[in-house]
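Peer 1: Numbering (my numbering), first residue to last: 26 to 198.
Take this structure, written in structure tokens, and hold onto it; I'll ask about it next.
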């Protein structure tokens, strides 16, 4: 009768590891782990040659949310182009974070609210907010001063007598 032992042996298959004797025979161990963790290789096991890694040209991810359409080239993941994070809003600062992706953070940049009757317009809460009212006083008492949002300051001749002139003239009579 053969004596059973649990000595290590080789079952002749390079795709098994930890082969041991059992009841007089070499029993295959666990399957070899041929996963190299590289998305740019196709992993397999050949019974004679063991683990094999064939380079592929598939899609991959470089782990950054700031690249798109990453692709395998020569066994490595090559980053694709950056995403367009521009939201076309002057009142946000547009950046890209490798983990979060595009970030459009509100800013306080100067802007133009479209009205010529305000000055010092600035961004707040992601929108352009009107600044102070434009000073349209031309210091001429003979004009009525106003502001038109499309034209700006407007001074129109008025028909009111100048009170200072009237008082000066009446005191000389």
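Every residue gets a Cβ at the ideal spot worked out from N, C-alpha and C, and that includes glycine.
1) I'd like the list of long-range same chain contacts for residue 115, defined as Cβ closer than 8 Å, with 5 residues on each side in sequence excluded.
2) Starting from the N-terminal side, write out each stretch of the beta strand (DSSP E) that is 3 residues or longer and does not extend beyond the segment 121-149.
3) State yes or no: is the C-beta of residue 158 within less than 9 Å of the C-beta of residue 168?
4) Look at residue 122 and residue 91 and say whether their C-beta atoms are less than 9 Å apart.
5) Expressed to the nearest angstrom, what Euclidean distance is found between the alpha-carbon atoms of residue 34 and residue 75?
6) Does residue 73 come out as helix, strand or coil in the three-state DSSP assignment?
7) Given a threshold of 16 other Cβ atoms within 10 Å of its Cβ, counted over all protein chains shown, does residue 67 qualify as buried or as exposed?
8) So the beta strand (DSSP E) residue 177 belongs to, where does it begin and stop?
9) What does the Cβ neighbour count give for residue 95, buried or exposed, with the cut at 16 atoms within 10 Å?
10) Taking only beta-carbon positions, decide if residue 154 is within less than 9 Å of chain C.
11) Could you pull the start and end residues of the beta strand (DSSP E) that residue 101 belongs to?
12) Are residue 161 and residue 180 closer than 9 Å when you measure CB to CB?
13) Only counting the same chain, and skipping five residues up and downstream in sequence, which positions put a Cβ closer than 6 Å to that of residue 105?
Peer 2: Checking against the coordinates, here is how it stands:
1) For residue 115, same chain residues with a beta-carbon under 8 Å away, outside a window of 5 residues either side, are 134, 136, 148, 153 in chain order.
2) 126-131, 147-149
3) no
4) yes
5) 16 Å
6) coil
7) Only exposed fits residue 67, as fewer than 16 other CB atoms lie within 10 angstroms of its CB.
8) 177-182
9) buried
10) The structure shown contains no chain C; it holds only a single protein chain.
11) 101-103 is the extent of the beta strand (DSSP E) around residue 101.
12) yes
13) 92, 93, 94, 95
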